[in-house]
Structure formats: structure tokens, C-alpha cells
Amino acid sequence: METSVQSLTSAGNVLFILLGAVMILAMHGGFAFLEAGTVSKKNQVNAFQKILFDWSVTTLIYFFIGYVVAYGISLYSDTKLLTYDHGYEMVKFFFLTAFAAAVPAIISGGVVGRIKFFAQTIAAIFIAAIIYPFFEGLIWGRISFFQNWLTNIFGNSLHDFAGSVVVHSIGGWLALAGILILGPRRGRYDGTLDIRPSNIPFLALGSWILIVGWFGFNVMSAQKLTEISGLVAINSLFAMTAGAIGGLLFSKNDAGFTHNGALAGLVAICAGSDVVHPISAIIIGLVASFIFVKLFHWETEVLKIDDVLGVWPLHGINGTWGGIAAGIFGHKALGAVKELSLGAQIVGSLAAVLYALFLGFILYKIIDLIYGLRMSEQEQMIGSDLTYHRIEANPEETL
Amino acid sequence: METSVQSLTSAGNVLFILLGAVMILAMHGGFAFLEAGTVSKKNQVNAFQKILFDWSVTTLIYFFIGYVVAYGISLYSDTKLLTYDHGYEMVKFFFLTAFAAAVPAIISGGVVGRIKFFAQTIAAIFIAAIIYPFFEGLIWGRISFFQNWLTNIFGNSLHDFAGSVVVHSIGGWLALAGILILGPRRGRYDGTLDIRPSNIPFLALGSWILIVGWFGFNVMSAQKLTEISGLVAINSLFAMTAGAIGGLLFSKNDAGFTHNGALAGLVAICAGSDVVHPISAIIIGLVASFIFVKLFHWETEVLKIDDVLGVWPLHGINGTWGGIAAGIFGHKALGAVKELSLGAQIVGSLAAVLYALFLGFILYKIIDLIYGLRMSEQEQMIGSDLTYHRIEANPEETL
Amino acid sequence: METSVQSLTSAGNVLFILLGAVMILAMHGGFAFLEAGTVSKKNQVNAFQKILFDWSVTTLIYFFIGYVVAYGISLYSDTKLLTYDHGYEMVKFFFLTAFAAAVPAIISGGVVGRIKFFAQTIAAIFIAAIIYPFFEGLIWGRISFFQNWLTNIFGNSLHDFAGSVVVHSIGGWLALAGILILGPRRGRYDGTLDIRPSNIPFLALGSWILIVGWFGFNVMSAQKLTEISGLVAINSLFAMTAGAIGGLLFSKNDAGFTHNGALAGLVAICAGSDVVHPISAIIIGLVASFIFVKLFHWETEVLKIDDVLGVWPLHGINGTWGGIAAGIFGHKALGAVKELSLGAQIVGSLAAVLYALFLGFILYKIIDLIYGLRMSEQEQMIGSDLTYHRIEANPEETL
Numbered sequence: 001m002e003t004s005v006q007s008l009t010s011a012g013n014v015l016f017i018l019l020g021a022v023m024i025l026a027m028h029g030g031f032a033f034l035e036a037g038t039v040s041k042k043n044q045v046n047a048f049q050k051i052l053f054d055w056s057v058t059t060l061i062y063f064f065i066g067y068v069v070a071y072g073i074s075l076y077s078d079t080k081l082l083t084y085d086h087g088y089e090m091v092k093f094f095f096l097t098a099f100a101a102a103v104p105a106i107i108s109g110g111v112v113g114r115i116k117f118f119a120q121t122i123a124a125i126f127i128a129a130i131i132y133p134f135f136e137g138l139i140w141g142r143i144s145f146f147q148n149w150l151t152n153i154f155g156n157s158l159h160d161f162a163g164s165v166v167v168h169s170i171g172g173w174l175a176l177a178g179i180l181i182l183g184p185r186r187g188r189y190d191g192t193l194d195i196r197p198s199n200i201p202f203l204a205l206g207s208w209i210l211i212v213g214w215f216g217f218n219v220m221s222a223q224k225l226t227e228i229s230g231l232v233a234i235n236s237l238f239a240m241t242a243g244a245i246g247g248l249l250f251s252k253n254d255a256g257f258t259h260n261g262a263l264a265g266l267v268a269i270c271a272g273s274d275v276v277h278p279i280s281a282i283i284i285g286l287v288a289s290f291i292f293v294k295l296f297h298w299e300t301e302v303l304k305i306d307d308v309l310g311v312w313p314l315h316g317i318n319g320t321w322g323g324i325a326a327g328i329f330g331h332k333a334l335g336a337v338k339e340l341s342l343g344a345q346i347v348g349s350l351a352a353v354l355y356a357l358f359l360g361f362i363l364y365k366i367i368d369l370i371y372g373l374r375m376s377e378q379e380q381m382i383g384s385d386l387t388y389h390r391i392e393a394n395p396e397e398t399l
Numbered sequence: 001m002e003t004s005v006q007s008l009t010s011a012g013n014v015l016f017i018l019l020g021a022v023m024i025l026a027m028h029g030g031f032a033f034l035e036a037g038t039v040s041k042k043n044q045v046n047a048f049q050k051i052l053f054d055w056s057v058t059t060l061i062y063f064f065i066g067y068v069v070a071y072g073i074s075l076y077s078d079t080k081l082l083t084y085d086h087g088y089e090m091v092k093f094f095f096l097t098a099f100a101a102a103v104p105a106i107i108s109g110g111v112v113g114r115i116k117f118f119a120q121t122i123a124a125i126f127i128a129a130i131i132y133p134f135f136e137g138l139i140w141g142r143i144s145f146f147q148n149w150l151t152n153i154f155g156n157s158l159h160d161f162a163g164s165v166v167v168h169s170i171g172g173w174l175a176l177a178g179i180l181i182l183g184p185r186r187g188r189y190d191g192t193l194d195i196r197p198s199n200i201p202f203l204a205l206g207s208w209i210l211i212v213g214w215f216g217f218n219v220m221s222a223q224k225l226t227e228i229s230g231l232v233a234i235n236s237l238f239a240m241t242a243g244a245i246g247g248l249l250f251s252k253n254d255a256g257f258t259h260n261g262a263l264a265g266l267v268a269i270c271a272g273s274d275v276v277h278p279i280s281a282i283i284i285g286l287v288a289s290f291i292f293v294k295l296f297h298w299e300t301e302v303l304k305i306d307d308v309l310g311v312w313p314l315h316g317i318n319g320t321w322g323g324i325a326a327g328i329f330g331h332k333a334l335g336a337v338k339e340l341s342l343g344a345q346i347v348g349s350l351a352a353v354l355y356a357l358f359l360g361f362i363l364y365k366i367i368d369l370i371y372g373l374r375m376s377e378q379e380q381m382i383g384s385d386l387t388y389h390r391i392e393a394n395p396e397e398t399l
Numbered sequence: 001m002e003t004s005v006q007s008l009t010s011a012g013n014v015l016f017i018l019l020g021a022v023m024i025l026a027m028h029g030g031f032a033f034l035e036a037g038t039v040s041k042k043n044q045v046n047a048f049q050k051i052l053f054d055w056s057v058t059t060l061i062y063f064f065i066g067y068v069v070a071y072g073i074s075l076y077s078d079t080k081l082l083t084y085d086h087g088y089e090m091v092k093f094f095f096l097t098a099f100a101a102a103v104p105a106i107i108s109g110g111v112v113g114r115i116k117f118f119a120q121t122i123a124a125i126f127i128a129a130i131i132y133p134f135f136e137g138l139i140w141g142r143i144s145f146f147q148n149w150l151t152n153i154f155g156n157s158l159h160d161f162a163g164s165v166v167v168h169s170i171g172g173w174l175a176l177a178g179i180l181i182l183g184p185r186r187g188r189y190d191g192t193l194d195i196r197p198s199n200i201p202f203l204a205l206g207s208w209i210l211i212v213g214w215f216g217f218n219v220m221s222a223q224k225l226t227e228i229s230g231l232v233a234i235n236s237l238f239a240m241t242a243g244a245i246g247g248l249l250f251s252k253n254d255a256g257f258t259h260n261g262a263l264a265g266l267v268a269i270c271a272g273s274d275v276v277h278p279i280s281a282i283i284i285g286l287v288a289s290f291i292f293v294k295l296f297h298w299e300t301e302v303l304k305i306d307d308v309l310g311v312w313p314l315h316g317i318n319g320t321w322g323g324i325a326a327g328i329f330g331h332k333a334l335g336a337v338k339e340l341s342l343g344a345q346i347v348g349s350l351a352a353v354l355y356a357l358f359l360g361f362i363l364y365k366i367i368d369l370i371y372g373l374r375m376s377e378q379e380q381m382i383g384s385d386l387t388y389h390r391i392e393a394n395p396e397e398t399l
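Chains as they are written, first to last, in the numbering used here: chain A, 1 to 399; chain Y, 1 to 399; chain X, 1 to 399.
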């Protein structure tokens with residue numbers, strides 16, 4: 001009897017985290033469609049190709065290097081782990097590699113339209129091997145000094161349940177570095193480039209896939225079935241709906257902002273989704289959509305930073321907002337189920353900004369010097385699809 | 001040991017109903033694509049925008065008002081419920097709000113092409129706050145007099161396992177009221193409007209998403225993992241396949257009718273999916289597709305009711321058919337696993353028709369008088385996309 | 001207590017295999033998009049129509065005939081099975097019918113563009129009733145002589161965990177027979193037919209849906225939650241990523257080969273996914289993508305076999321490779337968790353080739369003689385969409 005309960009529990013844990021892993025895998029299809037729908041049509045094929053290839057490379061690199069960096073576990077060398085506990089360690093890796101692979105996928109939307117195909121892959125390799133796993137190890141893994149230091153000062157470590165800071169802000173702030181070094185697309189600021197999304201249905205499809213998959217991203221961050229929390233689901237739902245509503249209202253009914261507003265809410269709720277009250281989640285999502293709509297405009301029109309999908313405000317700034325928001329609303333007086341430390345949330349979130357910006361500049365600068373980052377003007381004009389993949393999205397339709 | 005079994009059971013229940021909730025959430029992406037693929041291209045963006053926005057508004061309204069109406073539970077005021085039993089009550093709400101949000105999504109397909117954007121939202125608000133939850137409370141919730149009355153008369157209450165009556169027929173018959181008050185689209189009956197679907201692949205995508213998600217809609221209506229029934233899955237599968245086959249045969253191989261035929265079968269099987277024999281499910285699905293193909297033609301060509309996606313026959317009439325069919329086939333003599341009352345099924349199903357038609361006329365009439373329902377001829381000609389969202393589905397392709 | 005553990009276990013098993021079934025159902029939407037994106041635009045509607053209709057017909061035929069052939073269980077005649085053990089037998093059938101229906105869906109991609117609509121359906125009926133279930137029964141079901149014979153000779157039976165041989169190779173080699181009898185599409189080898197994919201985003205969507213659903217195909221092949229294995233998931237993941245990487249590298253960054261390369265890896269890993277070491281899975285996937293890229297070219301350009309989606313190399317040859325690869329890498333000395341017999345894997349895999357080729361020639365030859373297989377030149381020129389479904393994918397866009 002006891003054996004069968006243990007076996008069922010362990011099997012349930014494997015199923016639980018596997019479902020999360022598969023849902024986040026699906027999100028990568030969502031990243032591809034969101035990007036393909038937002039870029040110009042001559043870069044659609046490239047979006048699909050990049051996301052699938054970078055996912056694939058990232059997964060293997062993270063298996064052999066990154067996972068060891070973050071957690072000290074080399075799954076490939078210990079045959080016992082293949083089947084121990086129904087193979088839980090294998091599926092947990094799958095779940096976490098899906099997180100790791102999200103970072104290059106996030107960046108992809110910012111640098112699209114003028115980055116060289118394999119420059120993006122090289123960046124993904126270093127991100128999955130070192131940059132992301134080291135910070136992951138710092139917050140969630142085996143590298144304990146930073147969280148210990150925060151606990152000593154603030155009485156609490158950085159709480160980042162599902163990665164507002166570790167995944168989204170790292171991705172968004174790395175992207176900012178890449179975007180700045182790359183410079184804007186040819187014609188972006190002289191009016192010769194059509195910057196409208198090429199395909200709203202694809203944008204919406206990408207957004208829907210991401211929305212749905214996000215419930216795997218957040219809920220399965222509990223990592224064990226027996227730790228599942230319905231509160232995480234409801235907070236994700238509410239931040240998403242509030243983000244969509246805000247996106248629509250703040251943009252005066254723009255489809256791109258509405259669908260991305262839902263994502264902004266989801267980025268921001270990750271950190272505190274297991275802690276804050278659902279009404280706080282509504283506020284967090286609403287603010288996130290406001291940040292996205294306003295700062296995307298400020299970034300791309302005032303600062304003239306050519307962030308194609310707005311990944312810096314969407315994932316970077318909103319990831320930081322999510323980390324801080326958990327500190328603001330994570331108090332029992334506000335209906336939260338746990339006490340978090342605002343200080344630790346602020347310092348931890350800002351540490352991620354500095355970390356990502358600093359390493360991002362080094363990473364993209366080195367790639368630029370050694371391999372080259374930027375497609376030629378001619379290549380950009382032809383588009384990434386014909387330049388790299390010798391085919392357009394709809395070949396028959398070309399005259 | 002006993003604690004760990006209880007905890008595992010409770011965690012399993014949360015996972016179970018969460019999966020259902022997420023699958024129905026995904027169905028809303030399906031509603032969007034089904035609508036976008038069926039309407040003219042100038043209304044595609046609008047389809048996505050409406051579905052996401054109305055989902056979002058509906059969710060919050062149902063949380064604060066509708067759920068209290070139907071079940072008497074105000075989740076926002078009782079902090080204990082946030083984490084009690086792994087947060088089961090929170091996820092159950094998520095599951096049921098996904099049902100509630102289906103009603104405006106169903107209606108959307110009927111009124112598209114000429115309804116004002118926010119008129120639709122206003123209707124969604126009243127539907128999610130009062131109209132749907134009151135009827136839901138009557139059949140599934142805390143308002144017991146109607147089911148008691150049916151039981152007194154027929155020895156059985158209305159059995160509606162997964163909402164043929166409560167969700168689909170309420171949605172479809174409300175839509176009929178809205179469609180009649182709105183009137184047909186500009187040019188619909190003078191031959192100047194192209195009424196062919198704009199995009200069969202989108203229509204098919206929407207249909208596939210709905211088909212797949214429907215297994216969450218039906219199977220997870222058991223609400224507890226320990227109540228799961230494989231029979232529900234197989235009956236859903238068979239009604240769907242029979243509906244697709246019927247849709248193809250009755251329409252002479254038309255893609256729209258085939259993909260909607262699958263949905264017609266699924267609408268009709270909801271009510272009795274936990275009770276009837278799989279062979280009965282085949283018959284129910286086949287009849288449902290016949291109803292859809294024949295009555296869609298009768299509705300739109302003979303009665304000249306401009307129901308764009310055919311939501312009245314698809315969800316309304318077939319929802320009613322599903323309620324009654326459960327009474328016809330829900331007998332052990334026909335291989336069913338439970339005895340249902342044909343009388344209660346007929347009276348309950350017809351009550352929903354009257355309820356929805358009556359309140360639908362009042363609702364849309366009042367909105368029409370106060371805010372206005374109908375887009376101007378000029379706006380319809382330009383299309384909802386440019387009228388409300390200042391962008392077309394594929395901006396680059398416009399000359 | 002014991003009752004509640006048993007009930008929870010049994011409910012968990014039903015949920016587990018149901019999730020698998022639904023994920024494979026979703027894969028059929030993926031088959032449809034992969035085909036629609038790869039064929040010419042005038043055959044897109046047809047792709048959707050065929051996949052949904054053949055799925056539906058196959059399901060019912062397999063229920064009434066095929067399942068009895070393979071497992072000796074007639075679910076429709078034993079009312080007790082409807083609810084016994086939470087209806088596990090019903091959902092297991094759903095899972096296995098989703099496997100059976102994959103065979104016609106695989107074939108569809110090879111014969112598209114010139115096969116008569118109902119000729120394909122007739123073939124699907126015989127495949128689902130007899131051809132597939134008999135071989136299934138031989139390897140997994142109640143017909144024991146072949147596996148006994150292998151065991152006598154090699155000390156081990158054919159190990160085919162998730163159907164590299166039973167599903168994919170049977171599908172791919174049947175397709176080869178059909179393709180050869182049908183002959184190439186009009187204009188395929190005189191340069192008058194545009195053979196480029198019509199829609200890369202649809203191709204990518206199909207591929208993503210298949211990739212994601214494949215984790216249900218493979219992991220849920222354990223059939224019981226308590227038998228779940230994380231190793232299966234990780235091996236599927238690695239074969240997929242290696243296949244995508246190989247597809248890109250071997251094709252010089254072609255989007256079709258990259259996305260199909262991921263699928264090639266998944267086809268090949270099915271058989272041994274529960275046994276081999278993850279590093280072996282990487283090699284298996286890499287070889288699979290090499291096979292696909294090189295043999296697709298050899299098949300279609302050298303042998304001039306007009307296999308539109310390349311289903312013979314993708315599913316047929318790679319299915320065979322998967323069966324044999326399990327024998328090559330299924331040894332504890334190579335880190336595998338079980339010992340397999342290379343001899344049994346080779347003989348079993350080749351038996352499937354002969355079986356499918358032989359019956360495929362008979363099947364398609366008879367259909368050709370009695371009903372006719374091939375669309376007229378005129379019909380091919382117009383396209384399957386207008387010929388059979390009286391509508392194009394995007395009617396508004398036609399001048």
C-alpha cells in the first residue's frame with residue numbers, strides 16, 4: 001500500500017512537470033508566430049527557422065553545460081537518474097530547459113530583421129551555457145551567496161516563483177544590449193520601412209499559444225504535483241485579462257497592444273503568482289499593460305531604439321516590474337498568503353538588470369567583432385527569408 | 001499515509017480541473033479563428049480583438065458578480081479559499097468562468113460584421129453578470145426551485161452534464177435575439193456582399209482548436225479527478241466524428257459544413273455524454289450535423305436571418321437537441337448507464353429557449369436604444385478592422 | 001483507504017491516457033497544416049477536408065472492426081466496460097484509434113494533389129479495418145505467433161514502444177505503394193508544376209502541432225500513469241532537437257527540411273524511446289534527419305517518385321531506421337536501461353516493410369481497378385479544392 005502511494009505520487013509528479021514542459025515547448029511555437037506576425041512578411045520564414053533552431057541548440061547546450069552550472073547535476077553521466085523515481089530528474093530538466101530556451105526566443109523578437117542568422121545562434125549558445133544558468137543558479141540553484149546576502153539584509157531572499165526576473169527580465173535586458181549594438185533596421189527612422197505588423201492573425205495566434213502555454217509556465221513552476229496551487233492559476237488568469245483590457249484601453253483598441261498586453265500581464269505576475277491576492281494580480285496586470293503601451297512608444301519613437309516586438313518593455317521592464325510588484329503586494333495586510341520583502345525584491349530585480357545589461361553588451365560586442373552581427377543593407381532589403389532560406393513565406397504569390 | 005493520500009487526491013483534483021480550464025481557455029482562441037476564417041477579410045482583426053477583450057471583461061465580471069449569483073461564493077472576500085485544498089475553489093472558478101465566457105464568444109459569430117465593438121462588450125457584461133449565471137444557478141448552482149419542480153413532476157431533474165443547454169443553447173438563442181434586432185449586414189440580401197468564408201485554413205484551425213479543447217470542456221465537467229469518466233471522452237469523440245461525416249455528406253463535401261459539423265456533434269453530446277451509449281452518441285452527432293446543414297440554409301436563405309457563422313442552428317438549436325437527445329437515449333434499455341427523464345429534458349431545454357430569447361430581446365433592445373447596436377453602412381463597408389482598430393489583417397498587402 | 005488509493009490510481013490512469021489521446025487527436029490538425037502548407041495553394045482546402053473526414057471514418061471503422069482484430073475486444077457489445085475502472089478501456093481505445101488514424105494521415109501527404117477524394121477514404125477504411133490492426137495485433141496485440149517466433153530465435157521480441165515500426169513505417173511504406181500506383185502529379189517532371197511549398201507558416205504550424213502532440217504519442221504509450229517514464233520524454237526531446245539541427249545543417253538552412261527534420265527525429269525515436277540513453281537519442285535523431293534530407297532528394301529527383309511531403313523517407317524509411325536503431329543502441333553497454341535484440345529489431349522492422357508494401361500494392365491496385373485512384377489532368381489543373389469542395393482557401397483573393 002505504502003509503495004503504491006509513493007509510486008503514484010512520484011508518477012503524478014512526473015506527469016505534472018511534463019505537462020508544464022510540453023506547454024512551454026508549445027509556447028516556442030507561439031514565440032515564432034508572434035514574431036512572424038509582427039515583422040515584415042519578408043522575415044516570416046526566418047522567424048520560424050530561428051525559433052526552432054535556437055530551441056534545439058539551446059536544449060543540447062543547456063543539457064551538457066548550463067544545467068551543470070545552475071544545479072550541479074550532469075544528467076548524462078549518471079545512468080541511474082534515467083529511470084530513478086519514474087525519471088523525474090529527466091523531466092525536470094525538460095521543464096527547466098524550456099525556461100532557458102525562452103531567453104533567446106524573447107531576444108529574437110527584438111533583434112529581428114537585421115541580425116545575422118548564426119550570430120543569433122552563437123549568442124543563444126553562450127546564453128544557454130553560461131549567462132542564463134549562472135543567474136538561475138544564483139536565484140533558484142546551487143549558487144547561494146546572493147540569496148544569503150539578501151536574506152541577511154532584508155530578512156528574505158528574492159522570491160521569483162515563475163521567472164519574472166530570472167527568465168523575462170534577463171531576456172528583455174539582454175535584448176536591449178543586443179538591439180543597441182545592432183542599431184535600427186535599414187530605413188526604420190527615415191520612413192522608408194513599413195513597420196506595421198505583417199499578419200495580425202499570426203500575431204494573435206502566437207499570443208494565444210503563449211497565453212495558454214503560460215499556465216504551464218506558471219502553475220508547473222511548483223515542480224511537484226503535491227505542491228500545485230490554484231492561486232497561481234487564478235493570478236495568472238487575472239493578470240492576463242487585466243493586461244488585455246489595459247492594452248486595449250491604453251492603445252485605443254489596437255490589436256497588437258491588446259494581445260501583447262495580455263502577455264505583459266503574464267510576464268509581470270510570474271514572480272508573485274503564488275503569493276499575491278487575485279485583486280493585486282489585476283492591478284499588476286493593468287500596470288504591466290500601461291508600462292508596455294507607454295514605454296514601447298517612448299522607446300521606439302522618442303529614444304529611437306528599434307525594438308521590433310517591444311521585448312525590452314514587454315519582458316525586460318515588465319519582468320523587473322513583476323519582481324518589484326511581488327514585493328509591493330506580497331503582504332498579508334494586502335491579502336497575500338505570504339510575506340515578501342520589498343527590499344529584497346527591488347535589489348534582486350535590479351541586480352538582474354545590471355547583470356543582463358553588462359553581460360549582454362560584452363556578449364554582443366564580442367560576437368560583432370569576431371563574427372559580425374548585422375546583415376548588410378542589401379540583405380535587409382531582400383529580407384532574411386530570401387537571404388538565408390532561399391524561400392518566401394508564400395512563394396506562389398510572388399509575381 | 002492517510003494525509004498523503006488526501007493531499008494527492010486534492011492535488012489531483014486541482015490539476016484535473018485546471019487542465020479543463022486551460023483547454024477551454026484555448027477554445028477561445030479557436031472561437032477567434034473560426035470567426036476570422038468565416039467572416040470577410042475586413043473583419044478578421046476585429047474577430048481576434050473581440051474574443052480576447054470579451055473573454056477578459058467577462059472573466060472579471062463573472063468573478064465579482066456572476067459567480068456569486070450562481071453559487072453564492074465570493075472568492076475575493078475569503079482569503080482562506082486562496083490556498084485551501086490546494087486552491088481547488090480558485091481553479092474551479094477558472095473552469096466555470098471559461099464556460100461563462102463561451103456565451104459571448106458564441107454570440108460573437110452571429111452578430112459579426114455590423115455590431116458596434118463596445119455594444120458587444122456591454123452585452124457580454126450583462127450576460128456574464130446576470131443572464132448566464134442565473135440560469136446556471138438554476139440548473140447547476142444554488143437556485144434550486146426549478147430542478148426541484150422538474151423532479152416533482154418527472155421524477156428527475158434536467159441532466160446537462162457539460163452544458164448543451166446551459167452554455168450552448170443559452171448562447172445560441174441569445175444570439176438569435178441579437179441577430180434579429182441588429183438586422184442583416186449591409187448588402188447581405190441584395191447580392192452585393194461576398195458571403196464566402198475569407199480563409200478556410202483559419203476556419204479549419206479554429207475548428208481543430210475547438211475540437212481538441214472540447215475534451216476539456218466535457219471530460220473535466222466531472223470537476224474531480226476521482227469522478228473522471230472515459231465514457232464522456234468516447235461519446236464526445238463519436239459525436240464529433242459522426243458530426244464531421246454528416247457535415248460532409250449532407251453538404252456534398254463542403255469544408256465549412258464538415259468542420260462545423262464536428263462542432264455540431266460536440267454541442268449536442270455535452271448534455272448526455274456521461275450517460276448515453278457510444279452508438280447513441282454516433283446518432284446524436286449525425287442528427288446534429290443534419291440539423292446544422294439544413295437549418296443553416298433555412299435560416300439564412302429562407303427566413304433571411306443573417307446569422308454569419310450559423311450560431312443559432314449550431315449552438316442554439318443543437319444545444320436544445322442535445323438536451324432532448326439525452327432524454328431520448330438516456331435509458332438503460334438503450335445501453336445507457338443511467339436513466340434520464342425525457343420529460344424533464346424537454347421541459348428544461350425549452351425553458352432555456354424561452355429564457356434566452358426573452359432576456360436576449362430585452363438586452364439587445366435596451367443596448368440598441370441607449371448606446372446603439374449597429375455600425376453605420378459606411379463603417380460596414382470599410383469593415384470593422386479599419387473602423388475600430390485602424391489596421392487590416394495583412395497591412396502590407398493593401399495597395 | 002485502500003479503495004481510495006485504487007480509485008485514485010485508476011482515475012490517474014484514465015487521465016493519463018486521455019491526455020495522450022487528445023494530444024494525438026491534436027496532431028491530426030498538425031498533419032492537416034503540414035500538408036496544407038506544403039502542397040500548392042489550390043489543394044489546401046482538400047488537405048483539411050481529407051484529414052478530418054478520414055480521421056472520422058477511421059475512428060468508427062476501427063471501433064467496430066479494427067480494434068476487435070487487434071485486441072479481440074468489442075467495446076460496443078459489453079455495456080459494463082463503459083464505466084468499469086472509470087471507463088479506462090474506452091479511453092485506451094481512444095488512444096489507440098488516434099494511432100490507427102495516423103496511418104491514413106501519413107499516407108495523405110504522399111498521394112496529395114492527384115488522388116480522388118473518396119479513393120483515399122476507401123483506402124483508409126481498409127487500412128483501419130484490417131491492414132493496420134492485423135500488424136498491430138501481431139506486435140502489440142493478441143496475435144502472438146510472430147513475436148513468439150522472434151523470441152525463440154533472438155531471445156527477444158520486437159520492441160516498438162511508441163510505433164516507429166507499427167505506425168510510422170506501416171504508414172510510410174503503404175504510402176510508397178500508393179504513390180507508385182498513382183504516378184506523379186500532372187506536370188511534376190516536365191517543369192510545369194510549381195512544387196514549392198505554398199505556405200511556410202502553415203508548414204511550421206503543422207510541424208509545431210505535431211512536435212508538441214508527439215509527447216503524448218510517446219510518453220502516453222506507457223498506457224498507465226504508474227508506468228510513466230521521464231526518459232521517454234527526454235529521448236523524444238533530444239531526437240527532435242537533433243533532427244531539427246540536422247535538418248538545417250544538411251539542407252543548408254531550408255525551412256521545410258528543418259521543420260520536417262524535427263519530425264524525422266521523432267519518428268525514429270518512437271521505438272526505443274523508453275530504452276536508449278539520451279545521447280543515443282541525439283545520434284538517432286541526427287541520422288534520421290540525414291536520411292530524410294538525402295533520401296527525399298534521391299526519391300523525388302533521382303527515382304522520380306512524386307512523394308509530395310516525403311512521407312516514404314520521413315515515416316517509412318525513418319520508421320524502419322527507428323526500429324533498427326533501438327536494436328543498435330538498446331544495450332546496457334551503451335547506457336541503455338534494457339537489453340534489446342538487434343536481430344529481432346531488424347527482422348521485425350523488415351517484416352513491416354514487406355507487409356506494408358505487399359498489402360499496399362494490392363489495396364491501391366484494387367481500388368484503382370474498381371473505383372479509380374487518379375484525378376483527371378483537368379481536375380488536377382483546377383486543383384482538388386475547386387474539384388471537390390467548390391471553394392478555394394481564400395475565395396476573396398481570387399480575381
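Glycine residues also receive a C-beta, built at the ideal position from the N, C-alpha and C atoms.
query = Distance, Cα to Cα, serine 349(X) vs histidine 259(A)?
reply = 48 Å
ask   = If you count every other CB in all the chains shown that lies within 10 Å of the CB of methionine 240(A), and 16 or more means buried, which is it?
value = buried
inquiry  = With the cut-off set at 8 Å, would you say alanine 102(A) and tyrosine 364(A) are in Cβ contact?
reply    = no
query = Looking at the C-beta of phenylalanine 215(Y), does it have a partner C-beta in chain X at a distance below 8 Å?
reply = yes
query = Does the Cβ of isoleucine 366(A) have 16 or more other Cβ atoms within 10 Å, making it buried, or fewer, making it exposed?
reply = exposed
ask   = So, is the C-beta of valine 39(A) closer than 8 Å to a C-beta in chain X?
value = no
message = Determine, for arginine 196(A), whether the minimum Cβ-Cβ distance to residues of chain B falls below 8 Å.
response = No chain B is part of this structure, whose protein chains are labelled A, Y and X.
ask   = When burial is assigned at 16 or more other CB atoms within 10 Å of the CB, is phenylalanine 33(A) buried or exposed?
value = buried
Helix, strand or coil at isoleucine 115(A) [DSSP, three-state] = strand
key: Among Leu286(A), Lys338(A) and Ile328(A), nearest to leucine 314(A) - alpha-carbon criterion   = Leu286(A)
query = In terms of residues, what are the limits of the alpha helix (DSSP H) holding phenylalanine 202(X)?
reply = 200 to 219
inquiry  = Considering only their Cβ atoms, is the gap separating valine 112(A) from asparagine 43(A) smaller than 8 Å?
reply    = yes
inquiry  = Classify aspartate 194(Y): buried if its beta carbon has 16 or more other beta carbons within 10 angstroms, exposed otherwise.
reply    = exposed
message = If distances are taken between C-alpha atoms only, which option among Pro278(Y), Phe63(Y), Ala233(Y) and Phe31(Y) comes closest to phenylalanine 94(Y)?
response = Phe63(Y)
request  = Entirely within the stretch 314 to 394 of chain Y and at least 4 residues each: give me those alpha helix (DSSP H) ranges in chain order.
outcome  = 318 to 329, 342 to 370 and 377 to 382
Three-state class that DSSP yields for methionine 27(X) in the structure shown = helix
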